[in-house]
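Below is one structure, written out as structure tokens; comments come after it.
Chains as they are written, first to last, in my numbering: chain A, 1 to 84; chain B, 1001 to 1089; chain C, 2001 to 2117; chain D, 3001 to 3268.
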């Protein structure tokens, strides 16, 4: 068994579970943290798949810029999502 | 040389898994941010070990980028806590 | 001395740092308080991420892969610089917003400074 | 809570089954054994010995992005710039107040570390941009890395600190436009060469069989990759200043907007 597939499976499971948490979470700040962990897992996956170009653009955008934009917008609006 | 590195890769993956449970459970929001931060640093070590095993020069710079931006989440969150809006003084 | 043995011993050290990281992560489960968990975070970032990167950069230098070695050395230096900074800002903001209660509290410098100023 | 547990368990089981299936059938499999003809052609011509067929770049991904499929990337850059311009037009602030201060709610430690980090970061970003024709990376990657520095500067200090350093959205948008215009000029130079001197093609990089036009292959010993290196540098400028424009507009505090709107209402 190729050992890379095992790590890919673990990281992909972490990413999927945290994507689910980020979608269903009411408090927006917690959702941002979950999506940061999800992007970490996907960055490790992309690195294991030998795609350093994508990792180099994925990490600054998903860990640096995207939470910043979300925090800016949460600060301008409400911090809790209303009842559906 | 490769077998000890693979074993340590397993241990690091286990600690990332344990940390993600803390990210979900952590009683306060600060615990979540702290454990997410530690998970980012730990995954940077995973990247470094994989780069050593593969031995490809081109992929080494990814570790620097992940380490550089792991602490940005802390700063955004603490500024949000203290001021409410990130552009304020 | 043959360089393969040196590399083997160094990679055993990487396992040691991985165990240190695991101990730090177990501290997240054992400690009851946010301020106590900061201690566990220090163990697993400095002991579990700074030292292995240093050891891995030495391995890369021994194997004559200088580009990998220099980049891992730089990232180890950056962890030493950035991880305490982020933790400091996080702890200060958490204290000032009273999110977590500092349970075994011996002295309170921030309150003294705010009272004096 | 029970429902959440069921969903997470099903996600874990599904991904485990998927991993086992892909491993058994080897559908992720030995990557690269079954390369397609077009892929083989790309890798073959990336650094060919015959200079009339080569792209003069050692990195196949960058060569594909900027030389083989250059038009795709040009359109993607155009879409990015249009998004930035849409954000810029949405905010509609004509006159920004010019008061600036470097006060901050953070202690000295994050401020000092961010100041130390600034030169390190610029060095890393420009390394990735200039080495785009040798190692993985390129203009967009380096631009987004440099943009995070600007965002961190805004967060550590404030929106007013941008004013104190005389950075405002109008100026950063100007720099982004200059980068984009430079990209267009690099694509149009062969056409001007065709009109005035000799035979040449649009978006031409290296000399072809029937035209002598070519961008510089090496600059001072560094593999520059002709137009690929130029594209990387100008894309670096355009992307970093584009992101900076968006975040400088986002960082304007809400009460500034409220004061603006109240002023407009009182005029009417």
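Heads up, the beta-carbon is just placed ideally off N, CA and C, and yes, glycines get one too. All figures in this text were calculated on a predicted structure; none of them were measured in a lab.
Give the DSSP-derived three-state secondary structure of residue i in the structure shown.
| i | result |
| --- | --- |
| residue 3211 of chain D | strand |
| residue 27 of chain A | strand |
| residue 3053 of chain D | coil |
| residue 78 of chain A | coil |
| residue 1026 of chain B | coil |
| residue 3194 of chain D | helix |
| residue 3177 of chain D | helix |
| residue 1088 of chain B | coil |
| residue 2050 of chain C | helix |
| residue 64 of chain A | helix |
| residue 3230 of chain D | helix |
| residue 2002 of chain C | coil |
| residue 3138 of chain D | coil |
| residue 3163 of chain D | helix |
| residue 3032 of chain D | Note that residue 3032 of chain D scores a pLDDT of 49, beneath 50, so its modelled location is shaky; the value from the coordinates is reported in the next line. Three-state result, residue 3032 of chain D: coil. |
| residue 2100 of chain C | coil |
| residue 2106 of chain C | coil |
| residue 1011 of chain B | helix |
| residue 3253 of chain D | coil |
| residue 3102 of chain D | coil |
| residue 2021 of chain C | helix |
| residue 2031 of chain C | coil |
| residue 3152 of chain D | helix |
| residue 2117 of chain C | coil |
| residue 3133 of chain D | helix |
| residue 3259 of chain D | helix |
| residue 16 of chain A | helix |
| residue 73 of chain A | helix |
| residue 3158 of chain D | coil |
| residue 2063 of chain C | coil |
| residue 2016 of chain C | helix |
| residue 3146 of chain D | helix |
| residue 1017 of chain B | helix |
| residue 49 of chain A | coil |
Across which residues does DSSP place residue i in a beta bridge pair?
| i | result |
| --- | --- |
| residue 3058 of chain D | Answer is none; residue 3058 of chain D lacks a bridge partner. |
| residue 3222 of chain D | D/3219 |
At what residues does the alpha helix (DSSP H) containing residue i begin and finish?
| i | result |
| --- | --- |
| residue 1083 of chain B | 1072-1083 |
| residue 2076 of chain C | 2066-2096 |
| residue 3070 of chain D | 3070-3091 |
| residue 3043 of chain D | 3037-3046 |
| residue 3308 of chain D | Within the shown structure, residues of chain D are numbered from 3001 to 3268, placing residue 3308 of chain D beyond reach of any answer. |
| residue 3201 of chain D | No alpha helix (DSSP H) contains residue 3201 of chain D, which DSSP labels as neither H nor E. |
| residue 1057 of chain B | Premise fails: residue 1057 of chain B is in no alpha helix (DSSP H) and is neither H nor E. |
| residue 53 of chain A | 52-59 |
| residue 3110 of chain D | 3108-3130 |
| residue 2036 of chain C | 2034-2042 |
Taking 7 Å as the cut-off, is the C-beta of residue i nearer than that to any heavy atom in the ligand MG?
| i | result |
| --- | --- |
| residue 1028 of chain B | The ligand content of the structure shown is nil, which means the ligand MG is not present either. |
*Could you list the residues in the segment 43-57 of chain A with a C-beta less than 8 Å from some C-beta on chain B, going in chain order?*
Flagged, chain order: 43, 44, 47, 48, 50, 52, 55, 56.
*Which residues, in order along the segment 3157-3191 of chain D, keep a beta-carbon less than 7 Å from a beta-carbon of chain B?*
Of all residues in the segment 3157-3191 of chain D, only 3158, 3159, 3160 come within less than 7 Å of chain B when Cβ atoms are compared, listed by chain position.
*asked:* Please list, in chain order, the residues of the segment 2049-2074 of chain C that have any C-beta partner in chain D closer than 9 Å.
replied: The segment 2049-2074 of chain C vs chain D, Cβ under 9 Å: 2067, 2074.
*asked:* Using a Cβ-Cβ cutoff of 8 Å, what residues of the segment 63-74 of chain A are near chain B? List them in chain order.
replied: Listed in sequence order: 63, 64, 67, 68, 71, 72, 74.
*Check each residue of the segment 2006-2034 of chain C: if its Cβ is closer than 7 Å to any Cβ of chain B, include it; give the result in chain order.*
Answer set for the segment 2006-2034 of chain C: 2007, 2008, 2011, 2012, 2014, 2015, 2018, 2019, 2021, 2022, 2025, 2028, 2034.
*Could you please tell me which residues of the segment 3109-3125 of chain D, in chain order, have their CB closer than 8 Å to any CB of chain C?*
Of all residues in the segment 3109-3125 of chain D, those with a C-beta nearer than 8 Å to a C-beta of chain C are 3109, 3110, 3113, 3116, 3117, 3120, reading in chain order.
_By the 7 Å beta-carbon criterion, what residues does the segment 1043-1057 of chain B contribute toward chain D?_
With the criterion set as a beta carbon lying under 7 Å from some beta carbon of chain D, the segment 1043-1057 of chain B has no members that meet it.
*With 8 Å as the C-beta to C-beta threshold (strictly closer), list the residues of the segment 1030-1044 of chain B near chain D in chain order.*
Listed by position, the residues of the segment 1030-1044 of chain B near chain D (Cβ gap below 8 Å) amount to none.
*Name the residues in the segment 3210-3239 of chain D whose C-beta lies less than 7 Å from a C-beta of chain B; which are they?*
From the segment 3210-3239 of chain D, no residue has a Cβ closer than 7 Å to chain B.
_Residues, ordered as in the chain, of the segment 23-38 of chain A that lie near chain B by beta-carbon distance below 9 Å_ = Shown in chain order are the members of the segment 23-38 of chain A whose Cβ falls below 9 Å from a Cβ of chain B: 27, 29, 30, 32, 33, 34, 36, 37.
*Of all the residues that make up the segment 1062-1078 of chain B, which are near chain A by a beta-carbon distance shorter than 8 Å?*
Within the segment 1062-1078 of chain B, the qualifying residues are 1062, 1065, 1066, 1069, 1070, 1072, 1073, 1076, 1077.
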